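Heads up: the structure comes next, in structure tokens.
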Amino acid sequence: MIIDEMTNNIFLKKMYSSDITSSILIGRFSIDLSGYCDIEFHVNKKPDISVEKYGVWGVDYNTVVIKTKGKISGDVLITEWLLNGYKELNVKKTDNGIIIKSKNGKFNFSVELSGLIFQGISVYYNGEG
14 MIIDEMTNNI
24 FLKKMYSSDI
34 TSSILIGRFS
44 IDLSGYCDIE
54 FHVNKKPDIS
64 VEKYGVWGVD
74 YNTVVIKTKG
84 KISGDVLITE
94 WLLNGYKELN
104 VKKTDNGIII
114 KSKNGKFNFS
124 VELSGLIFQG
134 ISVYYNGEG
């Protein structure tokens, strides 16, 4: 599970005690010249707990954005970024950290990281549902 691979994940484990990788959108990926990256994972699964400041699931929001930082430790591959969508996220442990992969038709995303650090959450209502 992707949350298990993040440091500072105590709050996230309360929000999602079960796997969320079956339907995740990689909404943002940026990388700087020193190899640090920001990845935002959009999750359309209802959280296990209610957080008052976010409002009511399905009324005020239906998507949770998990914001993370990481350090590149290997290859980065992105093809057909604009075809990105909600798909299964595969996370594999390696000697260098983790590899995160997502594929949706021609869209392909793969990045090898030494680790992920949870930075925060935002929410939004995408107009569906």
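Numbering (our numbering), first residue to last: 14 to 142.
The beta-carbon is built from N, C-alpha and C at its ideal position, and this holds for glycine as well.
Remember, it's a predicted structure, so these values are computed and weren't measured experimentally.
Item, Value
"Please report the straight-line C-alpha distance between Ile91 and Ser123, rounded to a whole angstrom.", "7 Å"
"Where are the alpha helix (DSSP H) runs, 4 residues long or more, that stay fully inside the segment 70 to 123, in chain order?", "none"
"Have a look at Asn139 and Tyr74 and give me their C-alpha separation to the nearest angstrom.", "8 Å"
"Per DSSP, Asp51 forms a beta bridge with which residues?", "Ser43, Lys82"
"Please classify Ile15 as buried or exposed, where buried requires at least 16 other C-beta atoms within 10 Å of its C-beta.", "buried"
"How many angstroms separate the CA atom of His55 from the CA atom of Val104?", "16 Å"
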